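Report on the following structure.
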Amino acid sequence: MAELEGNDAFIDTNKLIFGIGQVQQITGVSGRQLRYWEEQGYIQSISQKKGAAREYSMHTLFFIFHVTRFLRSGFTLQAAVDRAKKFDRQLPVLREFLRSQLKGVDFDKDQSVLDFGYVDSSHTQRIYGVVKDGETFFRIENVD
DNA sequence: TTTCTGACA
DNA sequence: TGTCAGAA
Numbered sequence: 002m003a004e005l006e007g008n009d010a011f012i013d014t015n016k017l018i019f020g021i022g023q024v025q026q027i028t029g030v031s032g033r034q035l036r037y038w039e040e041q042g043y044i045q046s047i048s049q050k051k052g053a054a055r056e057y058s059m060h061t062l063f064f065i066f067h068v069t070r071f072l073r074s075g076f077t078l079q080a081a082v083d084r085a086k087k088f089d090r091q092l093p094v095l096r097e098f099l100r101s102q103l104k105g106v107d108f109d110k111d112q113s114v115l116d117f118g119y120v121d122s123s124h125t126q127r128i129y130g131v132v133k134d135g136e137t138f139f140r141i142e143n144v145d
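Quick note: the first sequence uses this note's numbering, first residue 2, plus one each step.
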């Protein structure tokens, strides 16, 4: 089982800035909408002063992307934003859990196996997450 | 050329 | 929300 490398970031994602034109191309949201959403307080641009060109953080870009997904699902703008915010709060938790609990990933011919380590402190069982044929499920195995 | 604000449909 | 005008 290969060990997972440390998660030290090589790129400071906080320095990845996007202009409104780039956001339009990437998310498909029009500049008119982006300005309106900001005016309504749904999104924020980096220090939006006077007539200066707006700049968006990568985090905001992701947020906008998620809002559009919920909009396509039929939610109102307000509801889509609420959903996106909720999703945003979940990400750090998911990342923390995976970073600390995922021990490694094995790739077999017909399946991928995620090693989540021991089930408890007794270290008698190990739990795996399996991805096979488009399905996902857990598997617990006794440790020799 | 791109973006900004304001305004009209 | 799209689009247009006039100004950075």
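The beta-carbon is built from N, C-alpha and C at its ideal position, and this holds for glycine as well.
A quick note: this is a predicted structure, and the numbers were derived from the prediction, not measured.
contact_flag[the stretch 48-64, the stretch 18-38] where n(CB pairs < 8 Å) is 3 or more | yes
DSSP-derived helix/strand/coil call for PHE19 = If you number the first sequence from 1, residue 19 lands on position 18. If DSSP states are grouped into helix, strand and coil, PHE19 belongs with the strands.
Residue closest to PHE117, alpha-carbon to alpha-carbon, out of THR28, LYS110, SER46, VAL131 = One-based indexing of the first sequence puts residue 117 at position 116. Minimum Cα distance to PHE117 is reached at VAL131.
On the three-pair Cβ rule with 8 Å, is the stretch 27-34 touching the stretch 65-75?
-> yes
What's the C-alpha gap between HIS60 and ASP145?
-> As a first step, residue 60 is located in the first sequence; it is residue number 59 there, counting from the start. As a first step, residue 145 is located in the first sequence; it is residue number 144 there, counting from the start. Each residue's alpha carbon lies about 45 Å from the other.
Whole angstroms is fine: what's the gap from SER161's alpha carbon to ASN143's?
-> Nothing in the structure corresponds to residue 161, since the chain is present only between 2 and 145.
What's the call for HIS74, buried or exposed, on a 16-neighbour Cβ count within 10 Å?
-> As a working note, residue 74 is residue 73 in the first sequence. For the sequence presented, residue 74 should be read as Ser rather than His. Label assigned to SER74: exposed.
Nearest-angstrom Cβ-Cβ length linking ILE65 and ILE47, presumed shorter than 8 Å | The sequence position of residue 65 within the first sequence is 64, counting from 1. The sequence position of residue 47 within the first sequence is 46, counting from 1. Not quite, the Cβ-Cβ distance comes to about 14 Å (not below 8 Å), so this is no contact.
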